[in-house]
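Numbering-wise (the UniProt record's numbering), the sequence shown opens with residue 1 and increments by one.
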Amino acid sequence: MSTLLRDVIDIPERVGSDDYVLRLTDSTDDDQHVAATVEQYVLTNSLRDNFVQAIDLVADALGRNTSRAAYLTGSFGSGKSHFMAVLYALLGNHAAVRVPKFQELTGHYDGTLAGKKLLRLTYHLLGAKSLEQAVLRGYVEQITRLHPGAPLPAVHVSDTLLADAENLRGRMGDDEFLAGLGGSSGSTGGWGGLLGAGWDLPRYQAALGAGPEDSERRELVSALAGSYFSSFTATADYIDLDRGLVVISEHAKALGYDGVVLFLDELVLWLAFSVRDTEFFARESQKITKLVESSGRQRAIPLVSFISRQMDLRKWFADAGASGAEQEALDRAFQYQQGRFAEIEMGDDNLAEVAKARLLKPKDEAAQAILDQAFKDLTRRPEVWDVLRDSLNTDDKHRGASEAEFKLTYPFSPVLVSTLRNLSSVMQRERTALKVMQRMLVDRRDTLTVDDLVPVGDAFDYLVEGSEPIDKHAGTIFKAAHDLYENRLLPSLLETHGVTRDQLASDPTSVPGGFRSQERIAKTLLLSAIAPNVPALRDITAARLAALNHGSIKSKIAGGEARVALGVVRDWANKQVPEISLTDGANPVIRVQLAEVDYQSILDRVRGEDNSGRRRVLLRTLVHKALGVTSAPDLGGAATRTIIWRGSRREVDVVFGNVRDANSLPELAFENRDGVWRVVVDYPFDEAGHTSADDRNRVDRLLSNGPSRETIVWLPYFFTDAAMEDLALLVKLDWLFTDTSGDRWNENSNHLGATEQAQARGILENLLSGTMTSFQNLLKQAYGIEPADAKRISAESQQFDVLTSLSRDFQPKMPPAASLEDAFTKIVDQAYGATYPSHPLFEPEAEELTARNFETVRDYVEQASTHRDARVPTNAGDRKVLRRIAGPLQVGKATEDHFLFSETSFTFWAQELDRAAAAATPVTVGALQRHINDLSPRWGLRSEARDLVLSAWALLRKRAWFEAGSAITAPALGRMRPNIELRAEELPAQQAWDSARIKASKLFGYTSPRSYLTGANVAEFADQVRARAANSISEVNHLIDQLKSAHHQLEFAPGDGDRLTTALALRTFIETLSSTSGNVAAITTMADVSLPVGLETAGQILADADRDHRAQRAFKWDLLRKLKTGTERAGEAGDSARAIWSALQNAISVPGRSLSDELSSGLDKLVTWVVQDEPVTPPPPPPGPTRSEVVLNSPADLSGLQEQLTTALAEPGKTVHVHWWVE
């Protein structure tokens, strides 16, 4: 008899509610708890990395003196609270962590945080009313315990009140102040007996120093509010979190701490439980950001927060029914947090090691030996072993378990552990993976032996039964799975095996084994529906069902367990449980739809949408997609697919149509574009009366009567009636769901209620997905990729080859392939390989080489071609490209860290292009390109690769590039014009070349973009400097004329090294340079240039020549005569005139300064001097007053006088004085 598992590992008789659950605040409240937590902790490699990340975060915060925070992310049961507890011990340098298993971490601590005093505070958020209350009250409580007698921080709103009270006491005096509070007499008469004793000084001071939650302090606050501060009403609130964090940082610093570490356990879960209160949820969740950023005073020391996070709060807030505006606001807050919070991911991959250490640890070495033998005896048949190891559907994120990892969790298989792990994020705390594993062991404690592997199906009840999952959507799925089992599957099982529900409950041992095995199959199927992300449960098959429940399913034939399971599932699907469906084939995929709705009625309504035209359109779409064709067909019906063949981009035209029908595919449809292969694809069905033989006959006629064409015809096998029914269903479903407006769905489902519509849509969309998947597999059979199923593929059509080439030089073969696209790519590879057999094999073949890649090689060819050793070192980033191109293309050689280019490493192309050059007069790019294109066997090089070969030859043979008689820079690869000539070029000495380039830069401001001494570079450089010299002659001549005139006007002769002497020498040089006929002569002339001043100074004269001669021409030279006269005068005016005259002479003669600016300044001074030197004529004196005398002899004379006065008063600024007397 096999040994019971309980005899080799400790299995308790019952499950404790707190097993494998840790409350952070309890585990760190004293040294004993800390030591126990650390001792039990299982430290895996990934957890060690998590601790290093956490310690580094704290060190960074202290080093930068800035607050930091990190989320500890992980599902329920991933060990976040345990992690915090151990991190608490590590950051406190607790003696319990100074053990070998933590040696690496304590060493890291010593290297980064040694000598730092950290205030470590633990929080359990559940039950808190606000984040302020949780954090600030928790701080006060823990500080009170850690530092009894120390002053408390002012984080409570009542702190301000007490401070005001102290100020008031100081002004009033103790006696008067205490009397106002209730007196110091201690009388208890009247109300005093009810309210308590009066306030004396000792009692007052004790309450003043107590914590915010102390009853005496609260009574004092009430007394103060009732007596002196009647407007104060709050008695239990804290200041806002932003200010509070500043206060506690200052308080902690005063206590001698370098930083504060907050361990905020269950914070996210606390928020999630309040998600229905959207206002509270939004307000409190946005406060989390304040942990790292302060909008007020700078924090005295950094705060580092570790927050456990089980879920994405944004999803929970949306599920709670928040408005769009609320969700958008919260999303912005979370996005803001996301960039400021680090993330420490607590991977579930630690579960195996933790389970081994805490749940499955053998009692002794003998027990370990028994378990080792049992594990060794477990079948290693791949169809079972790979499933149990969860090694199906592997990718970068899922690699499956090794044998060693399996051994850790035995008798639980890795696939069962993966299922539990996948669902742990939606299970409640009491349903974590480790807790479920413990319950499974306890419930089978008396029957489970060391040879029993725990079946996956047994996990169903533990996951689905009982309390609701924490995730709303998961709760709906779990309920649907429970209902499907209770209402459909269980009744079927009971009926099949003659078992009653009472028997199951009261006498489970009497239930036959067949019931248990089928029960596990049913429950495993349901698990595949509720945990589709588990790779082994995705697209589950009967063979996998049997493997997942290895040992539970019995078969009379060895290895027949899968057939037994398939028979059971087929019976359910065909009879009692229509929610179960199977795809076609020998190993069908089994699916479970967790809903009940009449979806068939919708399909009945759209029956008329299935027709021949829609079938052809849908099939063409599916095949295009399967082949990777994404472009729309052109007017001729050809859609172009781009592929990467041997590292080069190529095109393939794909044409879809009925080959036998000339109206569908006329003769022109089989004609390929020059250099582009064409693939003509037929349908796997035809109209009644036509068979695949008709298509084959058309192809034979094209081969017999037409020219050779680079075209492949792909004739698929024909569908049977059963396959056509699948196509008909797919057409209806596709028509129903490809309507983006939703009108088709609404019109054909309006007979169902809203809930039923939603369920029906889910079922039919799943049906579309499942049918599409099976149909895509069917297409692989039809197009010859996979063996044909006789029920789906016509046997008659299989007598013909599916692939035929219309090229007489090539016949394709169907390659082994995993998909249609894979087959298509390999067929095209065969075609282009036959067309261009000499094309280089640029590896990796599927990675395209760009024009930039080829330009990189050309750069190295140019460098190496001018190096005396024909080799240059390579940059690390260029080596891969050089190795990919140089060797296969036979253009140079790339070693590990050098590139070589010479006649030896370019032999093939040197010989070929030498022959082409000998036959061409002149040697043009077009002639060399044609020679490369016409080589046999054909190379088929893309233009960039071909032009690289051509450029390398030009560099090797010292050829320069000329177009229209002028030297040009070597054109970009792939853009070389055929008329460009490649001329043999004499080269100057290296020293002359280097000197000429330097001097040209100084004199003309021209720096050659290419520094290597090649024919092309020499020709381009010589043309450039000659042109610049020639373009400067006219400007220099004008400058010289103006300078001579200026010397004459200013009456002084030029000297050595002045502006005019330099300009004359410069004119001689540029006239000589511009007239040189040979490129080497031009470079030699440039290299030998010698002028009276430095080249930079001469270059400035040359650059300013046009502006300077214009400035001189515009100068007012006629004013110089008056200035000259002024220079002979004494006094201030004479001194000024002489200074201006001297400055103008210096401006004209001394180079190195801007002549135009100097003349402008001199002209301003000259004009000012001339204006000030003009004599000033005094203005004429104003006219004096005019007088007149009028004698009035009669009253009639008054009118004349009035007219005179009116005229006089009309003059502005005039005053009229009237004197009159009577004689």
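From the three backbone atoms N, C-alpha and C, an ideal C-beta is built for every residue, glycine too.
Residue closest to residue i, alpha-carbon to alpha-carbon, out of the options
i               : options                            : result
serine 552      : His1048, Arg1129 and Asp451        : Asp451
arginine 399    : Ser418, Leu635, Pro382 and Glu383  : Ser418
threonine 1186  : Gly63, Gln991, Lys1214 and Ser506  : Lys1214
glutamine 600   : Ile1101, Leu729 and Pro666         : Leu729
isoleucine 590  : Asn750, Arg673, Asn611 and Leu545  : Leu545
isoleucine 307  : Arg297, Gly296 and Ile288          : Ile288
leucine 360     : Ala1022, Leu408 and Pro382         : Leu408
alanine 357     : Ile763, Ile1083, Ile9 and Gly1126  : Ile9
isoleucine 1140 : Trp1117, Gly1152 and Pro1151       : Trp1117
leucine 935     : Glu912, Ser774 and Leu262          : Glu912
arginine 959    : Leu941, Ala910 and Gly753          : Ala910
proline 411     : Val58, Ala401, Ile643 and Leu378   : Leu378
glutamate 903   : Gly940, Gln781, Asp897 and Val861  : Val861
asparagine 777  : Ser819, Gly209, Arg646 and Thr1085 : Ser819
Contact set for residue i: own chain, Cβ-Cβ below 8 Å, skip 5 residues either direction
i              : result
glutamate 293  : Ser67 and Arg340
leucine 1205   : Val1216 and Val1218
threonine 1062 : Leu1091, Pro1092, Val1093, Thr1097, Ala1098, Ile1101 and Pro1151
lysine 732     : Leu603, Val606, Arg607, Glu609 and Asp610
Chain-order list of residues whose beta-carbon lies under 6 Å from that of residue i (same chain, five-residue window excluded)
i             : result
alanine 831   : Trp677
threonine 188 : Because the pLDDT at threonine 188 is just 36, under 50, the model does not fix this residue reliably, and the value given afterwards should be weighed accordingly. Once the five neighbours on either side are set aside, threonine 188 has no close Cβ partner at all.
tyrosine 257  : Lys117 and Leu119
serine 295    : Asp242
glycine 196   : Caution applies to glycine 196, whose pLDDT of 41 falls short of 50 and renders its modelled position unreliable; the value that the coordinates give is listed next. Excluding residues within five positions, none has a Cβ falling inside 6 Å.
alanine 920   : Ala927
threonine 122 : Leu24, Thr25, Thr28 and Phe263
aspartate 390 : Gly400, Ala401, Pro414, Val415, Ser418 and Ala536
alanine 894   : Leu882, Arg883 and Ala886
For residue i: DSSP bridge partner residues
i             : result
arginine 646  : DSSP lists no partner for arginine 646.
leucine 4     : Thr449
glutamate 651 : Thr642
Cutoff 8 Å: residue i Cβ touching any chain C Cβ
i              : result
glutamine 1100 : In the structure shown, chain C does not exist; there is a single protein chain.
7 Å Cβ shell around residue i - same chain, five flanking residues per side excluded
i                 : result
proline 888       : Pro840, Leu841 and Phe842
proline 12        : Val442
phenylalanine 685 : Phe718, Phe719 and Met724
threonine 3       : Ile370, Thr449 and Val450
arginine 983      : Arg959, Ala960 and Phe962
Boundaries of the beta strand (DSSP E) in which residue i is found, first to last residue
i            : result
alanine 70   : 68–73
tyrosine 123 : 118–124
valine 680   : 677–681
arginine 591 : 590–592
glycine 259  : 259–265
Where the alpha helix (DSSP H) through residue i begins and ends
i              : result
tryptophan 857 : The sequence given here has valine at residue 857, not tryptophan. Taken as a continuous stretch (DSSP letters only), the alpha helix (DSSP H) holding valine 857 covers 851–866.
alanine 254    : 241–254
arginine 309   : Here arginine 309 belongs to no alpha helix (DSSP H); instead the beta strand (DSSP E) covers 303–309.
The region 165–184 in contact with the region 127–142 per 3-pair CB rule at 8 Å: no
query: Are the region 802–820 and the region 705–714 in contact at 8 Å, needing three or more beta carbon pairs?
result: yes
- prompt: Would the region 923–931 and the region 977–993 be scored as touching if the rule is three or more Cβ pairs under 8 Å?
  reply: yes
field: Contact the region 829–847 vs the region 656–663: 3+ CB pairs below 8 Å
entry: no
query: Is it true that the region 980–998 meets the region 1037–1053, where meeting means three or more beta-carbon pairs spaced less than 8 Å apart?
result: no
- prompt: Any chance the region 349–357 sits against the region 34–45, with 3 or more Cβ pairs inside 8 Å?
  reply: yes
- prompt: Are at least three pairs of beta-carbons, each pair with one atom in the region 649–656 and one in the region 678–697, less than 8 Å apart?
  reply: yes
Any 3 or more C-beta pairs closer than 8 Å across the region 985–994 and the region 1015–1035: yes
- prompt: Can you find at least 3 beta carbon pairs, one from the region 872–892 and one from the region 1023–1043, that sit closer than 8 Å?
  reply: no
field: At least 3 beta-carbon pairs within less than 8 Å: the region 297–305 vs the region 158–176
entry: no
message: If contact is defined by three or more beta carbon pairs under 8 Å, each pair taking one atom from either stretch, is the region 1063–1083 in contact with the region 1119–1128?
response: no
- prompt: Should the region 152–171 be regarded as contacting the region 135–144, the criterion being three or more beta carbon pairs within less than 8 Å?
  reply: yes
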